[in-house]
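For reference, the structure is listed below as structure tokens.
Numbering (my numbering), first residue to last: 10 to 194.
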């Protein structure tokens with residue numbers, strides 16, 4: 010899995026209320042040749058560690074009784090935190106869209122649904138390494154750029170280099186359930 014990456018020098022924080030989950034993530038990271046792993050059992054401990062030490066990556070849980078998002082939000086706002094810019098992967102068994110959006114809005118780089126596999130951990134790790142997002146600063150947010158969706162331009166508008174507008178596209182392509190020979194005018 011990690012053939013193209015030398016991950017041995019990475020310092021990683023794993024914050025989860027469950028000791029077995031922390032050991033599982035540590036074990037997976039060890040298989041990826043990551044040896045510098047620090048564990049935190051509470052969001053407060055995670056925040057204290059991220060504030061005081063430089064880390065290269067953090068896995069932080071979110072659940073109703075482990076508010077990793079609050080720790081991420083506070084970390085991003087603390088201008089003196091040594092790991093303010095660390096890529097954060099929020100892990101959670103609560104995968105409803107509202108929880109993903111809340112983690113993103115707190116300043117997380119990625120959201121990893123539990124249960125996960127070693128491959129998923131590697132893919133998310135690879136995602137933060139290869140997709141290094143610029144940080145955005147506004148009155149209400151500081152963290153990695155949250156824009157991810159590639160939305161088409163509004164009807165009638167054309168992006169530079171586009172061959173046709175969205176409305177022109179709709180007029181020439183058949184509608185769902187419509188035969189290609191029955192194009193709308």
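Using N, Cα and C, we set each Cβ at its ideal position, and we do this for glycine too.
* Would you kindly work out how many angstroms separate the C-alpha atoms of residue 78 and residue 124, rounded to a whole number? => Cα to Cα, residue 78 sits roughly 19 Å from residue 124.
* To do: Compare the Cα-Cα distances from residue 28 to each of 44, 61, 70 and report the closest residue.
  => Closest option to residue 28, Cα to Cα, is 70.
* Asked: How should residue 119 be labelled, buried or exposed, when 16 other C-beta atoms within 10 angstroms of its C-beta is the threshold for buried?
  -> buried
* Asked: Count the other CB atoms within 10 Å of the CB of residue 88; is the residue buried (16 or more) or exposed (fewer)?
  -> exposed
* Asked: Cα separation between residue 39 and residue 19?
  -> 11 Å
* With a cut-off of 8 Å on the beta carbons, I'd call residue 60 and residue 84 a contact; round off their distance for me. => The Cβ separation is near 7 Å, so the contact holds.
* Whole alpha helix (DSSP H) runs in the region 58-100 with 4 or more residues, listed along the chain? -> 77-86
* Selected residue, minimal CA-CA separation from residue 76, among 115, 134, 41, 129 -> Checking every option, the nearest Cα to that of residue 76 belongs to 115.
* Asked: If you draw a straight line from the C-alpha of residue 25 to the C-alpha of residue 36, how long is it?
  -> C-alpha separation (whole angstroms): 14 Å.
* Residue range of the alpha helix (DSSP H) that residue 127 falls in? -> 127-139
* Asked: beta strand (DSSP E) containing residue 20: first to last residue?
  -> From DSSP, the beta strand (DSSP E) with residue 20 extends over 20-24.
* Asked: If we cut at 8 Å on Cβ distances, does residue 32 have a partner in chain B?
  -> Of the protein chains in this structure there is only one, and it is not chain B.
* To do: Report yes if the CB atom of residue 21 is closer than 8 Å to the CB atom of residue 64, and no otherwise.
  => yes
* **For residue 104, three-class secondary structure by DSSP** => coil
* Name the two residues that bound the continuous alpha helix (DSSP H) containing residue 28. => Following the DSSP letters along the chain, one finds residue 28 inside the alpha helix (DSSP H) bounded by residues 28-40.
* **residue 41 beta carbon less than 8 Å from that of residue 16** => yes
* Are there 16 or more other CB atoms within 10 angstroms of the CB of residue 23, so buried, or fewer, so exposed? -> By the C-beta density criterion, residue 23 is buried, having at least 16 other C-beta atoms within 10 angstroms.
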